[in-house]
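Which chain is which? The protein sequence lines are A and B, in order.
My numbering puts the first residue of the first sequence at 472, with every later residue one more than the last.
My numbering puts the first residue of the second sequence at 3, with every later residue one more than the last.
Every residue gets a Cβ at the ideal spot worked out from N, C-alpha and C, and that includes glycine.
Only a predicted model underlies this, so the values are computations on that prediction, with no experimental measurement involved.
Have a look at the structure below, then the notes.
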Amino acid sequence: MASLVLKKLGGMALTLVAMSLVIFMLVELIPGDAAQRILGQSATPEAVASLREAMGLDDPALARYARWAGGVLRGDLGESAYMRGVRIADIFWRRVGASITLAAASFLIFVPLSIVFGVLAGIRAGKLSDSIISFFGLATMALPEFVSGILLMALFSVRLKLLPIASMIPMGESLWQNLEILVLPALSVTFVMFGYVSRMQRSAMIGVMKSDYVRAAVLKGLPRRRVIFRHALKNALLPTVTVIGMNMGWLFGGLIVVETLFGYPGLGSLTLSAVKTLDLPLIEACVLFITAVYVISTTATDLLYGFLNPRIRFSGGAYE
Amino acid sequence: MTNKPLLSVRNLGVRFPSPDGEVVAVRDLSFDLGRRETLGVIGESGCGKSTLSYAIMDYLSAGARRSGAVLFKGQDLLLKSEREMREIRGNRIAMVYQNPYSALNPSLTIGEQLDEVSRAHRNLGKDEAREASLTTLRELSLGDPEGVARRYPHQISGGIQQRVCIAMALLCRPDIMILDEPTTALDVTTEAVILDIVAGLKERYDMSMIYISHDIGIVNKVSDRVAVMYRGEIVEHGPQERIYERPEHPYTRALINCMPRAGVKKELTALNTIPGYVKRRSADEEGCPFAERCVKRSPGCEDDYGLAELEPGHFAACGRAYADERPWTREAEAAARATGAVPEIAGAEVREATSDENGPEPLLSLRGVGKFYRNQKKTVRALDGVDFELFKDDVLGVVGESGCGKSTAGHVIAGLAAADRGAILFDGGEIAGSWQRRDRRALREVQLIFQNPGRSLNPSFSVQAILERPLKKLLGVKDPAERRRRAVEMLRKVDLGEEYLSRRPRRLSGGEKQRVALARAFLSSPKLLVCDEATSALDVSVQASVLNLLNELQAESGASYLFISHDLNVVNYVSDHVLVMYLGRVCEYGRRDEVVTPPYHPYTEALLSAAPEVDPARRDKPIRLKGSPPDPTRPIRGCPFAGRCHKKIGPICDETPPPRLALSATHHIYCHLPPEGLQGAVRL
Numbered sequence: 472m473a474s475l476v477l478k479k480l481g482g483m484a485l486t487l488v489a490m491s492l493v494i495f496m497l498v499e500l501i502p503g504d505a506a507q508r509i510l511g512q513s514a515t516p517e518a519v520a521s522l523r524e525a526m527g528l529d530d531p532a533l534a535r536y537a538r539w540a541g542g543v544l545r546g547d548l549g550e551s552a553y554m555r556g557v558r559i560a561d562i563f564w565r566r567v568g569a570s571i572t573l574a575a576a577s578f579l580i581f582v583p584l585s586i587v588f589g590v591l592a593g594i595r596a597g598k599l600s601d602s603i604i605s606f607f608g609l610a611t612m613a614l615p616e617f618v619s620g621i622l623l624m625a626l627f628s629v630r631l632k633l634l635p636i637a638s639m640i641p642m643g644e645s646l647w648q649n650l651e652i653l654v655l656p657a658l659s660v661t662f663v664m665f666g667y668v669s670r671m672q673r674s675a676m677i678g679v680m681k682s683d684y685v686r687a688a689v690l691k692g693l694p695r696r697r698v699i700f701r702h703a704l705k706n707a708l709l710p711t712v713t714v715i716g717m718n719m720g721w722l723f724g725g726l727i728v729v730e731t732l733f734g735y736p737g738l739g740s741l742t743l744s745a746v747k748t749l750d751l752p753l754i755e756a757c758v759l760f761i762t763a764v765y766v767i768s769t770t771a772t773d774l775l776y777g778f779l780n781p782r783i784r785f786s787g788g789a790y791e
Numbered sequence: 003m004t005n006k007p008l009l010s011v012r013n014l015g016v017r018f019p020s021p022d023g024e025v026v027a028v029r030d031l032s033f034d035l036g037r038r039e040t041l042g043v044i045g046e047s048g049c050g051k052s053t054l055s056y057a058i059m060d061y062l063s064a065g066a067r068r069s070g071a072v073l074f075k076g077q078d079l080l081l082k083s084e085r086e087m088r089e090i091r092g093n094r095i096a097m098v099y100q101n102p103y104s105a106l107n108p109s110l111t112i113g114e115q116l117d118e119v120s121r122a123h124r125n126l127g128k129d130e131a132r133e134a135s136l137t138t139l140r141e142l143s144l145g146d147p148e149g150v151a152r153r154y155p156h157q158i159s160g161g162i163q164q165r166v167c168i169a170m171a172l173l174c175r176p177d178i179m180i181l182d183e184p185t186t187a188l189d190v191t192t193e194a195v196i197l198d199i200v201a202g203l204k205e206r207y208d209m210s211m212i213y214i215s216h217d218i219g220i221v222n223k224v225s226d227r228v229a230v231m232y233r234g235e236i237v238e239h240g241p242q243e244r245i246y247e248r249p250e251h252p253y254t255r256a257l258i259n260c261m262p263r264a265g266v267k268k269e270l271t272a273l274n275t276i277p278g279y280v281k282r283r284s285a286d287e288e289g290c291p292f293a294e295r296c297v298k299r300s301p302g303c304e305d306d307y308g309l310a311e312l313e314p315g316h317f318a319a320c321g322r323a324y325a326d327e328r329p330w331t332r333e334a335e336a337a338a339r340a341t342g343a344v345p346e347i348a349g350a351e352v353r354e355a356t357s358d359e360n361g362p363e364p365l366l367s368l369r370g371v372g373k374f375y376r377n378q379k380k381t382v383r384a385l386d387g388v389d390f391e392l393f394k395d396d397v398l399g400v401v402g403e404s405g406c407g408k409s410t411a412g413h414v415i416a417g418l419a420a421a422d423r424g425a426i427l428f429d430g431g432e433i434a435g436s437w438q439r440r441d442r443r444a445l446r447e448v449q450l451i452f453q454n455p456g457r458s459l460n461p462s463f464s465v466q467a468i469l470e471r472p473l474k475k476l477l478g479v480k481d482p483a484e485r486r487r488r489a490v491e492m493l494r495k496v497d498l499g500e501e502y503l504s505r506r507p508r509r510l511s512g513g514e515k516q517r518v519a520l521a522r523a524f525l526s527s528p529k530l531l532v533c534d535e536a537t538s539a540l541d542v543s544v545q546a547s548v549l550n551l552l553n554e555l556q557a558e559s560g561a562s563y564l565f566i567s568h569d570l571n572v573v574n575y576v577s578d579h580v581l582v583m584y585l586g587r588v589c590e591y592g593r594r595d596e597v598v599t600p601p602y603h604p605y606t607e608a609l610l611s612a613a614p615e616v617d618p619a620r621r622d623k624p625i626r627l628k629g630s631p632p633d634p635t636r637p638i639r640g641c642p643f644a645g646r647c648h649k650k651i652g653p654i655c656d657e658t659p660p661p662r663l664a665l666s667a668t669h670h671i672y673c674h675l676p677p678e679g680l681q682g683a684v685r686l
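Set out below in structure tokens:
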């Protein structure tokens, strides 16, 4: 197991380095000259040339990559190209914090819900309760976030007036003083994830309930509760863990639609505005962070899977 | 037995709904099981053997309907609620299954899976339950039960897994144990050990058993009485020796004669087969279920049908087929056999032996072939310096326990895995290790068929596409009409018709799939066919017909076979030469009759001794190997078999590689013992 962990971590580091190179190169490929863009079309060629020199744009690509990557490693993400004089680190980490909070809130709602209803549908496959859960899952999965989000707003904010319609944080306050703004975006995310994860859990459960070892457990005369929770669930959770893990990256950095809809100050909306303003250093920082979350969560999922599955945890020869 | 029956099944019926109307899985089935009695149940797959056991346990799929009565200690199990059945399952009636690996939960330790039985039924505390589990494991002579209890199922070998499952069934000292093909997934040597354990259980634990198997040899070893099931009915039922020696029902006779058994060789006879297949039974079908496939069918069969007691304790559903041979005595039969009045196997034609007056010419030679699989720091030596020869127009049977390297040898020869060392000489020249580097001729001339045709035939291809592919790719036949003509011609040779061309593998039975696989292989006129457990997944009657077909195709084409199988009776039947392997090395090689008769390698002797004998009168004193083959990653200095050998002479076995001992020009053994020490009593 220890060697497995080391191997996975090594692979993760390699992936991150490779991805940072790719991101750097992609941004390089964006047409137009960065200095020209900053100064505008009316700038004199001399001014552009001097800014190029000041920004080090004339250095070889590898040297620029090394400078950028070195800065990232020291925690220096550089300066925004659009908002002159603003250090990216100053705005970036606050947005990351908000995104993590939203991701965590969504996670706490959709994971237990999907698993509980998925298991329920799985052990009652073909019955009415299964049909209701499956229908609901499919319906919520089919609704795009901007539709379900608007429905939620219409219900909870406009009609019931329970929750704020926009998830803005008033000036001078922190997210922690405005936790109610999390509810609607988190519910929208749940709508997207619930159908997917609960269906996965349902089919895993059905497969496991048909397995020889569950049959053996039933014919040992064990109580049904023990058969389901001890024998079936432990194995049926494995594919679900993988699915949830694979979606963690999206949950942290991909909530662009949800954040935009609710005006939530997260990483997704920051990335969107960086792309809109062609703020290259900010794009690089956002994309690199999202990539890192993907890579780390995938690695963590692999390790967790290995830990939950004794066949991987204790691989090796048979015991005589 | 005159005691009051413990379990009394009365007119049991099981029906399943299906899109084409109800299907009858078990029909009007009655039997009694006395205390300390073992009832063996045999029949082909699809005959309702497993359904019978799940009907008793009330574990049938939703929609199944049961009728009749299952009286257990006087109470009808069919009337019990789910809660009441829970008290009986695992407690009064316990089950052991075919595949111990899949019957054990991969995520729970062995200890937990054992303990929970006592905790659920005997209200034991944690420590008491573990103590009970350990005691039972110890009673099944399992060394280090604490170590086993701590482990997960994948960490113990198949033989130990099955012993764990038996221990699990024994924990509550049940009245009845139902064993459903408990050794089918195990090696012959492990099977022999498990059968020894099972045979001793009923006396030791004062219980009754129902032992389900497709193999009459195995059932004979453990049963007092045998019931033969066909299409959901018991067609014959009686004392074990009687069913073997004097089967009354044509199905029983046909089934016994299908099995390749000791002394039956291809030169002497083709195997008996049963025409047709086990059909599903609809609810409105009446009369004899076997009539359609019966060789003794006659007018009036349908009316004169139903279980009748033909002699005390021996019931058969058909009393007329062999009525003229009654009354029967063993002495009369022996006398008849002696005068040649009764042929050894009825209805079988004799095949002439392969002639090789000019001395055999090798087609394939392996020279010091090694194949190593590296896994992190460890190396599995799947093949370690293997030499052997396969002659033209000859069948070489390869036997050994799983992990002995027999399949790897097949893969290396077919080019699926490239050898790491040594050379493969084929038809006069050396051929490349991997198939990618082999030329068309080599690809065409070496063909392969696998154990499970369902998985080796592409499910999205039609039979036509499957058969035409080698014609197109290997033979370069461009004309579609010509390809089709050849495909149909080959289908006929494997006894399938043109109508099969458009079918997909899914719509074929197991035997038909294997015939298609054979047709595909033979379309490229191979010189060598590697058959990797080609008949192991088939029912005995289907196996018999595929073996006959293999023999016919071989006689006709002159191809050579490398016939890999764990089943010694089958290898003995089809082979001209036999190779015995252990842990990636050769133990013994020679002409078949030289290998299966003494002198032989101690490992060969143990394998022969473990093979289930169909004829109860031919059982010998068994040699039982301890444990399983050792860890293949451990380097071996001496003889690989030394650790389990019952004839080990001393440290020389562990330290020095055994010499090649030539017993004749065609027969050699790798052993330190002199030829005199290699005698033994087992013969096949």
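When secondary structure is reduced to three states using DSSP, residue 487 of chain B falls in the helix class. Taking 8 angstroms as the upper bound on Cβ-Cβ separation, chain A lies near residues 149, 150, 153, 154 of the region 139-154 of chain B. Secondary structure of residue 664 of chain B (DSSP, three-state): strand. A residue is called buried once 16 or more other Cβ atoms fall within 10 Å of its Cβ, and residue 504 of chain B, having fewer, is exposed. Using a Cβ distance threshold of 7 angstroms, residue 138 of chain B and residue 172 of chain B count as a contacting pair. Between the alpha carbons of residue 726 of chain A and residue 739 of chain A lies a gap of roughly 5 angstroms.
Around the C-beta of residue 493 of chain A, fewer than 16 other C-beta atoms lie within 10 Å, and the residue is accordingly described as exposed. In the DSSP assignment, residue 650 of chain B falls outside any beta strand (DSSP E), carrying neither H nor E. When C-alpha distances from residue 652 of chain B are compared across B:670, B:675, B:667, B:636, the shortest belongs to B:675. Of all residues in the region 61-86 of chain B, only 61 place a beta-carbon less than 7 angstroms from a beta-carbon of chain A.
When beta bridges are read from the DSSP output, residue 296 of chain B appears opposite no residue. Per the DSSP secondary-structure output, residue 399 of chain B pairs in a beta bridge with B:565, B:580.
Residue 543 of chain A and residue 645 of chain A have their C-alpha atoms some 26 angstroms from each other.
When the five nearest sequence neighbours on each side are left out, the beta carbons in the same chain lying within less than 6 angstroms of the beta carbon of residue 117 of chain B are those of 131, 132, 135, in order along the chain.
Flagged as an interface residue toward chain B: residue 706 of chain A, by a C-beta distance shorter than 7 angstroms.
Look at residue 97 of chain B: its C-beta is under 7 angstroms from a C-beta on chain A. For residue 684 of chain A, the C-beta contacts it makes with chain B under 8 angstroms involve 104, 105, 106, 107, 108, in order along the chain.
When Cβ-Cβ separations below 7 angstroms define contact, residue 93 of chain B makes contact with chain A. In this structure the region 120-129 of chain B does not lie against the region 708-720 of chain A, because fewer than three pairs of beta carbons, one per stretch, are closer than 8 angstroms. Of the residues assessed, residue 100 of chain B falls on the buried side of the cut-off, its CB having 16 or more other CB atoms within 10 angstroms. Three or more pairs of CB atoms, one per stretch, sit closer than 8 angstroms, so the region 542-551 of chain B contacts the region 272-291 of chain B.
By the neighbour-count definition (other C-beta atoms within 10 Å, threshold 16), residue 781 of chain A is a buried residue. Looking at the backbone, the Cα of residue 606 of chain B and that of residue 615 of chain B are separated by about 16 angstroms. Under the three-state reduction of DSSP output, residue 106 of chain B falls in the coil class, being neither helix nor strand. With fewer than 16 other CB atoms across the displayed protein chains lying within 10 angstroms of its CB, residue 499 of chain B is exposed.
Boundaries of the beta strand (DSSP E) harbouring residue 33 of chain B: 25-35, taken from the DSSP string. Chain B places no beta carbon closer than 7 angstroms to that of residue 696 of chain A, leaving this residue out of the contacts. The three-state reading of DSSP puts residue 413 of chain B in helix, counting H, G and I together. Between residue 412 of chain B and residue 199 of chain B, the C-beta gap is not smaller than 7 angstroms, which leaves the two residues out of contact. Taking 7 angstroms as the CB threshold, residue 785 of chain A lines the interface with chain B. Residues of chain A whose Cβ lies closer than 7 angstroms to the Cβ of residue 179 of chain B do not exist, since the nearest Cβ in that chain is about 12 angstroms away. Considering only beta carbons, the part of the region 116-129 of chain B lying closer than 7 angstroms to chain A consists of 118, 119, 122, 123, in chain order. The three-state reading of DSSP puts residue 769 of chain A in helix, counting H, G and I together. Per DSSP, residue 239 of chain B lies in no alpha helix (DSSP H); the unbroken beta strand (DSSP E) holding it starts and ends at 235-241.
Residue 174 of chain B and residue 576 of chain B have their C-alpha atoms roughly 46 angstroms apart. For residue 710 of chain A, there are no neighbours in chain B by C-beta distance under 7 angstroms, as the nearest C-beta there is about 13 angstroms away.
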